[in-house]
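Enquirer: Input: one structure, supplied below.
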Amino acid sequence: GAVVSQHPSWVICKSGTSVKIECRSLDFQATTMFWYRQFPKQSLMLMATSNEGSKATYEQGVEKDKFLINHASLTLSTLTVTSAHPEDSSFYICSASGRGIRGYEQYFGPGTRLTVT
Amino acid sequence: QKEVEQDPGPLSVPEGAIVSLNCTYSNSAFQYFMWYRQYSRKGPELLMYTYSSGNKEDGRFTAQVDKSSKYISLFIRDSQPSDSATYLCALISSGSARQLTFGSGTQLTVLP
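These protein sequence lines map, in sequence, to chains A and B.
Just so we're aligned, residue 2 is where the first sequence starts under our numbering, counting upward by one.
Just so we're aligned, residue 206 is where the second sequence starts under our numbering, counting upward by one.
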């Protein structure tokens with residue numbers, strides 16, 4: 002299957018600071034990338050959908066000014082958590098689909114664990 | 206009512222058992238059906254993908270879709286301890302810009 006990487010895999014930051022998470026498609030061009038949030042023992046919650054070169058579409062209840070998403074190229078999308086607070090601590094996962102990918106398949110990154118102290 | 210219902214388990218089986226995992230859905234617009242496996246603290250891994258009613262087999266895994274009953278299943282034959290993970294069904298409706306709607310996931314433990 003296609004490979005998606007995320008960096009960092011784990012980050013700890015202080016309350017009030019900003020954190021950037023990168024999502025890269027390594028062997029295909031990701032025309033669409035998705036960002037999810039997952040709490041322990043719960044399923045994935047879609048935060049936003051981004052298409053290369055366009056503004057992200059955020060799901061209801063997700064603050065676009067707090068979770069800044071940039072999808073500037075066909076292989077890279079970034080999620081910046083601004084002014085992080087302890088309640089933003091979670092597991093953030095990206096996924097990608099696009100050229101060279103069959104039909105509606107989506108491939109996920111390994112996730113980034115964010116802890117805000 | 207959730208769009209996709211999945212029994213969260215947990216489910217424990219002995220090694221070698223046949224495992225049956227299931228999801229039901231309510232929206233007939235769902236046209237694409239996937240099963241993901243997620244190990245603890247890792248991203249989901251795509252196992253099976255199908256878009257039609259019937260069975261699809263890949264090694265020890267068989268995905269089954271019954272659109273008339275809005276019921277999908279994943280069968281694991283000769284289960285192994287390495288199959289211990291959370292299994293998520295994920296559905297896409299036509300015209301949804303490829304957005305996945307996930308079930309809640311079933312936690313499976315295969316005991317050696």
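C-beta: ideal position from N, C-alpha, C; glycine also.
Closer than 7 Å to a non-hydrogen atom of the ligand PLP - does that hold for the CB of residue 307(B)?
Expert: The ligand PLP is not part of this structure, which contains no ligands at all.
Enquirer: Any beta carbon of chain B sitting closer than 8 Å to that of residue 25(A)?
Expert: No, its Cβ sits nowhere closer than 8 Å to a Cβ of chain B.
Enquirer: According to DSSP, simplified to helix, strand and coil, what is residue 213(B)?
Expert: Residue state, collapsed to three classes: coil.
Enquirer: For residue 111(A), return the contacting residues in chain B, with the cut-off set at a CB-CB distance below 8 Å.
Expert: The answer, in chain order, is 247, 248.
Enquirer: For residue 303(B) and residue 255(B), what's the separation of their Cα atoms in angstroms?
Expert: For residue 303(B) and residue 255(B), the distance between alpha carbons rounds to 14 Å.
Enquirer: Taking the continuous beta strand (DSSP E) assigned at residue 69(A), which residues delimit it?
Expert: 68–74 is the span of the beta strand (DSSP E), which, as asked, contains residue 69(A).
Enquirer: Comparing the C-beta of residue 47(A) with each C-beta of chain B, is any distance below 8 Å?
Expert: Closer than 8 Å to some Cβ of chain B, the Cβ of residue 47(A) qualifies, so yes.
Enquirer: Is there at least one Cβ from chain A nearer than 8 Å to residue 310(B)'s Cβ?
Expert: At least one chain A Cβ lies under 8 Å of residue 310(B).
Enquirer: Using 8 Å as the limit for Cβ to Cβ distance, is residue 307(B) near chain A?
Expert: For residue 307(B), the answer is yes, since a Cβ of chain A falls inside 8 Å of its Cβ.
Enquirer: For residue 53(A), which residues in chain B fall below 7 Å Cβ to Cβ?
Expert: Under the 7 Å cutoff, chain B gives no residues; its nearest Cβ is about 13 Å from residue 53(A).
Enquirer: For the stretch 79–100 of chain A, which residues have a beta carbon sitting closer than 9 Å to at least one beta carbon of chain B?
Expert: Residues passing the 9 Å Cβ filter: 92, 94, 95, 96, 98.
Enquirer: Rounded to the nearest angstrom, what separates residue 227(B) and residue 291(B) at their Cα positions?
Expert: Residue 227(B) and residue 291(B): Cα-Cα distance of roughly 13 Å.
Enquirer: When burial is assigned at 16 or more other CB atoms within 10 Å of the CB, is residue 78(A) buried or exposed?
Expert: Residue 78(A) is buried by the Cβ-count criterion.
Enquirer: Out of curiosity, what's the CA-to-CA distance linking residue 95(A) and residue 66(A)?
Expert: For residue 95(A) and residue 66(A), the distance between alpha carbons rounds to 19 Å.
Enquirer: For my contact list, residue 45(A) and residue 82(A) are in at a C-beta cut-off of 8 Å; report their separation, rounded to the angstrom.
Expert: With 8 Å as the limit, residue 45(A) and residue 82(A) do not qualify as a contact, their Cβ atoms being about 17 Å apart.
Enquirer: Sort out for me which residues DSSP pairs residue 45(A) with in a bridge.
Expert: Paired residues: 39(A).
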